[in-house]
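This report refers to the structure that appears directly beneath it.
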Amino acid sequence: MIKMNITELRYIIEIAQCGSVSAASKRLYVAQPNVSKAIRNLEEEYQIQLFVRTARGMVPTREGQQFIAQARRVIQEIEGLNRKFPGNKKGTDVDMKISIPRASYASYAFGKYVEQVRDAEELRLHIRECNSVQALDNLTKKHYNLALIRMEDKYEEYYYSIIHLRGLEYEKIMDFQYRLVVNENDPLATKKLNGYEDLEPYIELIHGDSRLPNGEYLDIKETPENQNAHRRIHVYERGNQFMLLKDIPGTYMWVSPIPEELLRRNGLAQRKIEWQQRRMKDVMVYPGRKFLSEDEREFIRQLKKEAIEVSK
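Heads up: the sequence shown at position 258 corresponds to 258 in UniProt numbering, and the numbers run straight through without jumps.
Structure below.
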């Protein structure tokens with residue numbers, strides 16, 4: 001009879017993520033021999049080879065990939081059980097880690113969700129704004145519950161293959177085209193724009209860390225948006241972008257739709273630009289839909305609700 005050791009499953013998941021036993025043991029704060037022993041125990045118990053040593057480190061075999069993907073699902077289900085049946089804990093207990101892109105509607109939806117759970121006896125929520133690469137790493141390496149990732153349509157198959165290879169699942173939240181956001185009192189808020197050339201006298205604010213999982217930056221030179229690449233400010237904090245748009249005349253930014261309340265609060269205006277053809281989508285990624293807790297499902301519902309509202 002096979003006896004499952006949850007701790008050993010966590011060890012091999014970490015080895016797969018780190019690519020070495022030594023790196024995994026450091027991240028786990030566990031002695032290296034104990035981590036090595038976990039591999040031997042599982043390989044003997046299930047009669048499979050989990051890893052092979054290569055110049056790139058410890059690489060899962062084909063069977064190992066399948067085993068590790070299933071191990072992730074097992075861990076997620078156990079964590080879901082612990083959240084749903086907290087034993088002797090009193091009252092409600094909300095514990096969730098979420099990664100989101102720099103999307104105002106997503107942080108706005110998070111605020112709405114917090115209002116719903118603010119009376120929980122134990123409330124531990126973590127939200128991190130980051131690019132899609134970091135969000136996927138947070139999900140698979142740092143035990144985050146959810147990752148909202150953003151992708152351009154032409155890269156979607158690339159992202160979906162990465163999601164599949166990591167044994168994850170996803171659902172679409174919103175399709176959109178970028179909108180132009182400016183200070184509501186700036187002449188650019190009402191100026192007729194026929195193409196990117198009309199934006200050349202102005203200064204574009206752009207997020208400075210959008211990358212594909214292979215490290216390639218999405219700031220690719222052949223895209224029409226880069227015709228104004230010589231007049232840019234790279235921004236790494238979303239709070240700064242609103243301040244800069246308000247304080248620096250002649251600045252603009254291409255953004256996902258922003259809730260009207262946030263526009264009013266920050267003195268901004270957003271414009272739909274018909275000739276802006278860059279098509280995007282936001283996708284929610286998680287270890288498995290059947291493993292989602294009710295708290296996670298409720299946040300996704302709130303996110304979809306806000307996505308519908310800003311898309312109008």
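Ideal Cβ placement from N, Cα and C applies to all residues, glycine included.
Item	Value
The alpha helix (DSSP H) spanning H164 covers which residue range?	156 to 165
Grab the span of the alpha helix (DSSP H) containing R40 for me, first residue to last.	32 to 46
Taking the DSSP output, what are the residues bridged to L123?	V94
According to the Cβ coordinates, are V310 and P259 closer than 9 Å?	yes
Thinking C-beta only, is L146 closer than 9 Å to L136?	no
Between the alpha carbons of R27 and K141, how many angstroms are there, rounded?	10 Å
Rounded to whole angstroms, what's the CA-CA distance from I39 to A55? Just pull it up for me.	19 Å
Helix, strand or coil for A23? Go by DSSP, reduced to three states.	helix
Nearest-angstrom Cα distance between L199 and Y252?	9 Å
Look at the alpha carbon of I163 and the alpha carbon of C18, and state the distance between them as a whole number of angstroms.	18 Å
Taking just the CA atoms, how far does P101 sit from V117?	22 Å
To the nearest whole angstrom, what separates the beta carbons of V283 and I149, a pair I think is in contact under 8 Å?	6 Å
Have a look at D93 and K192 and give me their C-alpha separation to the nearest angstrom.	52 Å
Label Q270 either buried or exposed according to how many other C-beta atoms from any shown protein chain fall within 10 Å of its C-beta, with 16 as the threshold for buried.	buried
So if DSSP puts V283 in a beta bridge, which residue, or which two residues, is it bridged to?	I149, K172
Tell me the DSSP bridge mates of W254?	L180
Per the contact definition of three or more C-beta pairs closer than 8 Å, is the region 103 to 111 in contact with the region 293 to 305?	yes
Excluding the 5 residues preceding and the 5 following E77 in the sequence, name in chain order all residues of the same chain whose CB lies nearer than 7 Å to its CB.	F291
Is it buried or exposed, R264, if we count other Cβ atoms within 10 angstroms and call 16 or more buried?	exposed
Please report how far the alpha carbon of N240 lies from the alpha carbon of L188, in whole angstroms.	20 Å
Where do the ends of the beta strand (DSSP E) carrying Q270 lie?	268 to 271
On the three-state DSSP scale, how would you describe P60?	strand
Grab the span of the alpha helix (DSSP H) containing T140 for me, first residue to last.	132 to 141
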